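I have placed the structure first, in the form of structure tokens, so that the comments after it can refer back to it.
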């Protein structure tokens, strides 16, 4: 797949054709977008994160529902999971 300019090679956006402002606006359309993202991830294979943002405080900058389908590999440098900003990480046991 060509580089999309996203956060990783093969980063895909999945979005509805009609305008839906965000994930909470229309639950049927939101579910359809998630379903299509799951189908694409299964067809392509590999490991993925599926992310969507809802509102400016949640980093939404484009006010049209869209899901990010981000391929992941070990050591890819993408920072997930997000650490809690006020808690120290407990060592893994």
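Residue numbers (the numbering used here): 576 to 668.
The beta carbon of each residue, even a glycine, is placed where N, CA and C say it ideally should be.
These figures come from a predicted structure and were not determined experimentally.
Contacting residues, own chain, Cβ-Cβ under 7 Å from residue i (five flanking each side not counted)
| i | result |
| --- | --- |
| residue 650 | none |
| residue 623 | 616, 644, 645, 646, 647 |
| residue 655 | 624 |
Cut-off 6 Å between Cβ atoms - residues of its own chain near residue i, not counting five sequence neighbours on either side
| i | result |
| --- | --- |
| residue 605 | 598 |
| residue 634 | 628 |
| residue 648 | none |
Neighbourhood of residue i by C-beta, 8 Å cutoff - its chain only, sequence neighbours within 5 removed
| i | result |
| --- | --- |
| residue 615 | 587, 589, 644 |
| residue 631 | none |
| residue 593 | 604 |
Expected contact under 8 Å - CB spacing of residue i and residue j to nearest Å
| i | j | result |
| --- | --- | --- |
| residue 640 | residue 600 | 7 Å |
| residue 625 | residue 642 | 6 Å |
Endpoints, the beta strand (DSSP E) within which residue i is located
| i | result |
| --- | --- |
| residue 622 | 622 to 626 |
| residue 647 | 642 to 647 |
| residue 595 | Looking at the DSSP string, residue 595 is not in any beta strand (DSSP E), and its letter there is neither H nor E. |
| residue 637 | No beta strand (DSSP E) contains residue 637, which DSSP labels as neither H nor E. |
| residue 588 | 587 to 589 |
Run of the alpha helix (DSSP H) containing residue i, from where it starts to where it stops
| i | result |
| --- | --- |
| residue 604 | 602 to 619 |
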